[in-house]
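This report concerns only the one structure given below.
Number of protein chains: 4
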Amino acid sequence: MRPDTALGEVGGSAGRPLRRDAAENRERLLRAAADVFAEHGLDANVNEVARRAGLGTGTLYRRFPTKEALIDELAVVVVTEMAEIGRALARRKGPEVPLHEFLRQCAERLAARRSALPPFWRAPLPADALTELRRAVSGLVESARQSGAVREDLHTSDVMILLWSLQLIIQAVGAVDPDAWRRQLEIAWHGFTAPGPPLAHPPLELGQLDVINIHRGSGRSGRRPRPR
Amino acid sequence: MRPDTALGEVGGSAGRPLRRDAAENRERLLRAAADVFAEHGLDANVNEVARRAGLGTGTLYRRFPTKEALIDELAVVVVTEMAEIGRALARRKGPEVPLHEFLRQCAERLAARRSALPPFWRAPLPADALTELRRAVSGLVESARQSGAVREDLHTSDVMILLWSLQLIIQAVGAVDPDAWRRQLEIAWHGFTAPGPPLAHPPLELGQLDVINIHRGSGRSGRRPRPR
Amino acid sequence: MRPDTALGEVGGSAGRPLRRDAAENRERLLRAAADVFAEHGLDANVNEVARRAGLGTGTLYRRFPTKEALIDELAVVVVTEMAEIGRALARRKGPEVPLHEFLRQCAERLAARRSALPPFWRAPLPADALTELRRAVSGLVESARQSGAVREDLHTSDVMILLWSLQLIIQAVGAVDPDAWRRQLEIAWHGFTAPGPPLAHPPLELGQLDVINIHRGSGRSGRRPRPR
Amino acid sequence: MRPDTALGEVGGSAGRPLRRDAAENRERLLRAAADVFAEHGLDANVNEVARRAGLGTGTLYRRFPTKEALIDELAVVVVTEMAEIGRALARRKGPEVPLHEFLRQCAERLAARRSALPPFWRAPLPADALTELRRAVSGLVESARQSGAVREDLHTSDVMILLWSLQLIIQAVGAVDPDAWRRQLEIAWHGFTAPGPPLAHPPLELGQLDVINIHRGSGRSGRRPRPR
DNA sequence: CATGAATGAGTTTTCATTCAT
DNA sequence: GATGAATGAAAACTCATTCAT
């Protein structure tokens, strides 16, 4: 999926420590951050991230202005990936229901990236990334509804919430059963497709998903830069 | 719905120190903790909790030996409440499906306690409380299966996971739409009841729910009590 | 006597931050700690040490992971110095009794370092340092015995205990009479050299000196580092 | 020795908890304090002392206005005991050297009271108690000198310092060898009695022993009462 | 009088962020 | 550009002392 464009060695000529390319450092830091946050939670030490990336603290701060920004970036990576999955499936023609496949592939990616998930809880996510995802999901939901694959009144926000729930399940019990999400997705899909009278309760407005509040970055914790 | 014995108002008109009974202080602290953690997340300052309760830090630490213990207690309150709801419904005879009513009432309680939820994420919860809840849910699932209200292969762990998901939804978007969970529960219930072939994927073992890992309170900071 | 390499002045004229080398900071911290502990005892505030060194608390904790470690290091410096004095005298050829000279020089050093002594009480000292000292003393005692300078049954532990006593005297009354130890050493030396029947009571085993217990730093307070 | 005058039950008539006599409480507290301080050092918690005495904190504070006072009292008990030993021996007629016997009995008492020793380090000791001890020791030294049992120039302060050293030894290694002091006293006594030219260094003035500085109660630590 | 709950300043330690080298 | 030493505010927790019951 998303090509790791920045991963190739860019090399240098001097005999000293090969001038590492900025883009490569960025990748190293993101990978290290994913690991460290997965192990210790978002409270993990930012120096530990730098150390794990084999870089200095200063370098980390050159790439990401704050710990906040680093975490956000991790979340963006995940969300962007899911948006791309959605767009790819929308293009594809075939007999299977793209929405179903989308959920499966997303969960698969989430499970693979399990280490990068803690930040996913963070909200508000950078708006752009979320908007892309929402747009992609909307299209899939629309076409699923039109093909009669899911109930008439299924809403995009219902799918978004399912994604969140799957993410929760993967993060929570993935270590113990990496495939636990499959059963829950199966059940949830039954919920999406089961026939019956319209749902009694209205869906969440999409805009409301922006204010998701899981604590972290809302109830500001952490040092504030020292004024000089 | 069940009087708010655990965290509810404990009398007193206004005056000022109305006779600070130890038990009352405990309640004040739990209420304050619920509020503060809801506002700032579990990283919230413990002194803030004491201040909000109108008590000294030392008093808080007299009741709860550790920040950890305070948080756990908050979670236990919620879990215990749900177990009680389950036991009450199991006793009740009537036409409605107790499991469905159980989920509704639980969600209702969770929504009412929205401010007390952050700690609910914590795991492992003290084992006793969880065991009670699991036992209650098991009974409800069993009878629902036997009455044919839900699919044959619905498992207790599926319901537990749904509870977690509802909790997530309430915590995440409850501020913006306190009733958002109703729709999601409706959909999920359809998933539980929809007819069809057996689920392709096996359920989670109940014991595995114990190792849930959400990273909060693992990346602990601050003093640890001096070992004696 | 021996240049003050360990804690002594480390150059720099006046200006201000003269190039804060890590090693220099370490010395500054040790010197500050010696002073502060001498003034306020081992219960002294660790922040005060940092402040006295003109450094931030964090810097102190970068060099010494724990207050404990800082104190230990101070003790090690003193003990190591005494071991070196012993080794130097063992090499030296001459008419005087090296053991006597050793005691004199040690006391002289202790008196000069009076401000650094509180931690010396701490036990158990890091084993290596103590072992070195014990080995050096053993040699001196042995040769003193063979030359007939001291009684046949003088034991290394007797000398170690005398060192402790001298340290006590210096710490206790040094402020009021910096030379008080001279008289006590003189008396004690008479005790070591006086002829007569063998001592009626057996010496302490050397290993038993390891378990010395003076209670300081056992009644620990404050944060413990987070376990990794 | 010192009769435990206050130990008898004083009894009460009411059916409720026998009104414990104030004097008895005092004794209980002192005994508990000795134990606790011996176990944890002078930094030990004052509540622990009360608990060990089976009394409330308030009761402790009714008997001793501050922790400081409690500690001082413990030291006074020991010093007073030694003064009494001295006076008793001064009265006794016999062939043995009373000073030698005094040191032996003192050490014996110190070893027996090992648990009460930590406070003995404290200085300044309450003046009255020390004065008594000093007076008693002076008499013994004087008569020992006149009988020719010890060197001409032995000074009272030399004996006082020996007492301190013995105390140190007992406290430090008593747990491992309760009789270690016997050998050290033997050696020291040889130092007191060995013939030879006068000591080259002058004795400490007795008054100077008052300013002994072992840290604790000089470099004021601990809470200061909150001004109201 | 005795009790023990309450108090809050003070302690040790952490860690996001800066900046001299 | 990269580094990692330095920083110091903030956090969890303790405990001598007070005082309502």
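Protein sequences, first through last, are from chains A, B, C and D.
Note that the numbering used here numbers the first sequence so that position 84 is 84, with each residue one more than the last.
For the numbering used here, add 1000 to where a residue sits in the second sequence, where the first one is 1.
For the numbering used here, add 2000 to where a residue sits in the third sequence, where the first one is 1.
For the numbering used here, add 3000 to where a residue sits in the fourth sequence, where the first one is 1.
For glycine and all other residues, C-beta sits at the position ideal for the given N, C-alpha and C.
Less than 8 Å between C-beta atoms, sequence neighbours within five positions excluded: which residues of the same chain meet that for residue i?
| i | result |
| --- | --- |
| P98/A | L89, A90, R92, L140, S143, A144 |
| L2029/C | V2049, A2050, A2053, L2055, T2059, L2060, R2063, F2064, L2070 |
| S2157/C | P2203, L2204, E2205, L2206, Q2208, L2209 |
| R2114/C | A2038, I2170, Q2171, G2174, A2175, P2178 |
For residue i, would you say it is in contact with chain D, using Cβ-to-Cβ distances shorter than 9 Å as the test?
| i | result |
| --- | --- |
| G2196/C | yes |
| R2183/C | yes |
| T2059/C | no |
| Q2208/C | yes |
| E2200/C | Looking at the sequence itself, residue 2200/C is Ala, so the reference to Glu does not match. Closer than 9 Å: yes. |
Does residue i come within less than 9 Å of chain C when only Cβ atoms are used?
| i | result |
| --- | --- |
| D3177/D | yes |
| A3188/D | yes |
| E3205/D | yes |
| I3071/D | no |
| T3193/D | yes |
| S3035/D | Reading off the sequence, residue 3035/D comes out as Asp, not Ser. No, D3035/D lies away from the interface with chain C (no Cβ there is under 9 Å from its Cβ). |
| D3128/D | no |
Check residue i in the structure and name its three-state DSSP category.
| i | result |
| --- | --- |
| S2035/C | The question names Ser, but residue 2035/C is Asp in the sequence shown. Correct three-state label for D2035/C: helix. |
| V150/A | coil |
| N45/A | coil |
| A2144/C | helix |
| D1021/B | coil |
| D177/A | coil |
| A1116/B | helix |
| L199/A | coil |
| L3133/D | helix |
| G3054/D | coil |
| L2209/C | helix |
| G3094/D | coil |
| L279/A | A question about residue 279/A goes unanswered here, because the residues of chain A that appear run from 1 up to 228. |
List the endpoints of the continuous alpha helix (DSSP H) containing residue i.
| i | result |
| --- | --- |
| H1190/B | 1180-1193 |
| T2156/C | 2156-2173 |
| H3100/D | 3098-3112 |
| A1090/B | 1067-1091 |
| L3060/D | 3057-3063 |
Beta-carbon of residue i versus every beta-carbon of chain A: anything under 9 Å?
| i | result |
| --- | --- |
| V1173/B | yes |
| A1075/B | no |
| A1180/B | yes |
| L1168/B | yes |
Which same chain residues end up closer than 6 Å to residue i when comparing Cβ atoms and leaving out the 5 residues on each side of it in sequence?
| i | result |
| --- | --- |
| A129/A | V76, V79, T80 |
Hey, does residue i have any beta-carbon neighbour from chain B nearer than 9 Å?
| i | result |
| --- | --- |
| A50/A | no |
| H100/A | no |
| S165/A | yes |
| D158/A | yes |
| A88/A | no |
| A107/A | no |
Near residue i, which residues of its chain fall below 7 Å by C-beta distance, leaving aside the five closest residues on each side in sequence?
| i | result |
| --- | --- |
| N25/A | L55, T59, R63 |
| A1111/B | I1170, G1174, P1178, W1181 |
| H1100/B | W1189 |
| C2106/C | M2082, I2085, L2163 |
| D1153/B | P1198, L1199 |
| N1047/B | T1057 |
Practice task
Say whether the segment 3048-3066 of chain D touches the segment 3024-3040 of chain D, bearing in mind that this needs 3 or more beta-carbon pairs closer than 8 Å, one atom from each stretch.
Solution key: yes
Handout entry: Three CB pairs or more closer than 8 Å across the segment 2162-2177 of chain C and the segment 3127-3139 of chain D
Key = no
Handout entry: the segment 146-164 of chain A touching the segment 1193-1203 of chain B, judged by at least three CB pairs closer than 8 Å
Key = no
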